[in-house]
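In terms of numbering that gives the first Met the number 0, the numbers along the sequence shown are unbroken and rise by one, the last being 233.
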Amino acid sequence: MGNKKVIWLTGASTGIGLAIAKTTISKGYFVYATSRRADVIEGELMVCNGKYSALNCDVTEPESVNETYRTIISNSGKVDVLINNAGVTAFKSFTDTDLNDYNRIMDTNSRGTFLCSKAVIDGMKQRKSGMIINILSIAAISSLTESSVYSASKSAILTYSNVLREEVRKDRIKICNILPGATNTEMWAEEVREKFHDKMMNSESISDVVNYVLDAPDDIAIEEIIVKPVEGNI
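In structure tokens, the structure reads:
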């Protein structure tokens with residue numbers, strides 16, 4: 000692999016994740032783009048001029064996460080950057096949200112980010128180098144109706160990642176939380192996207208923010224970025 004930096008990107012099949020995959024590949028990173036639909040990723044990235052590998056990974060399952068990490072280490076020897084992007088939601092009021100909704104959202108968002116971060120952190124500590132970028136949401140710090148569990152899942156990641164940052168500073172590991180506002184992705188219902196598309200951010204814009212973090216000088220740590228549409232929340 001030489002000196003090429005290695006990225007492990009979760010939730011890479013659509014939306015923000017796919018945009019991040021395309022731009023980081025084009026910038027010369029070797030990207031392990033993962034989701035539960037590696038075939039979709041492969042189809043989307045075939046046109047990319049760069050190095051990547053599309054892998055199946057269910058971030059809710061410890062063995063799937065650990066097997067993915069072992070594959071990356073076997074092939075590349077390291078993970079320089081983990082980008083936790085996998086996420087789901089259900090736009091429901093709290094009273095309409097059932098336990099299945101709760102488990103699905105918390106397992107994918109909070110548990111998934113925890114498992115992937117746990118997988119890479121020891122290797123980063125040994126190398127005294129590494130970065131974890133979490134794609135969160137403005138919902139982590141806002142009271143958005145019909146998003147109670149989603150907000151809680153993102154807030155949980157924000158909190159434990161802030162603590163993790165303090166624990167690994169001495170190991171020169173950087174933790175950056177990116178909190179986007181409304182972004183035009185498949186997470187939203189089609190009628191919402193049609194109504195508000197001109198007020199939402201594009202996935203490519205969030206990818207540009209990620210690349211801004213990746214391009215930052217080694218002697219600085221960008222810890223949190225809040226990004227909103229120009230006209231604010233929808």
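Yeah, the Cβ is synthetic: ideal placement off N, Cα and C, and Gly gets one too.
query                                                                                                          : result
Within the segment 87-138, ranges of the alpha helix (DSSP H) (whole runs, at least 4 residues)                : 98-105, 111-126
Start and end residues, alpha helix (DSSP H) containing V58                                                    : That residue, V58, is in no alpha helix (DSSP H); it is neither H nor E in DSSP.
Coil, strand or helix - A32 by DSSP                                                                            : strand
As assigned by DSSP and simplified to three states, the class of V64                                           : helix
Nearest-angstrom Cα separation, counted from L17 out to E203                                                   : 9 Å
First through last residue of the alpha helix (DSSP H) which encompasses N176                                  : Run containing N176: none in the alpha helix (DSSP H); it sits in the beta strand (DSSP E), 172-179.
Stretch-stretch touch, CB-based, cutoff 8 Å, three pairs: the segment 104-115 with the segment 141-159         : yes
Selection from H196, G14, Y28 that minimises the alpha carbon distance to I6                                   : Y28
Which listed residue (I177, F90, L98) has its alpha carbon closest to that of E189                             : F90
Contiguous alpha helix (DSSP H) assignments of at least 4 residues, all confined to the segment 199-226        : 202-213
L81 in three-state terms, based on DSSP                                                                        : strand
Short Cβ contact (8 Å threshold) for N55 with A32                                                              : no
Simplified DSSP state of T9, which is helix, strand or coil                                                    : strand
L17, DSSP secondary structure in three states                                                                  : helix
T144, DSSP secondary structure in three states                                                                 : coil
Check: I177 C-beta below 7 Å from any heavy atom of the ligand FMN                                             : In the structure on display, the ligand FMN does not appear, and there are no ligands present to speak of.
Counted within 10 angstroms of its Cβ, other Cβ atoms place V46 as buried (16 or more) or exposed              : exposed
Same chain only: Cβ atoms within 7 Å of R192, ignoring 5 sequence neighbours per side                          : N183
Residue of S141, I137, R164 minimising C-alpha distance to L178                                                : I137
Residue environment, L8, which counts as buried when at least 16 other CB atoms sit within 10 Å                : buried
Close-in-space but distant-in-sequence residues of the same chain around M0 (CB under 7 Å, 5 per side omitted) : Interpretation of M0 is limited by its pLDDT of 45, a score under 50 that renders its predicted location unreliable; no figure is taken from the coordinates.
Cβ shell of E223 (< 6 Å), same chain only, five flanking positions each side left out                          : N176
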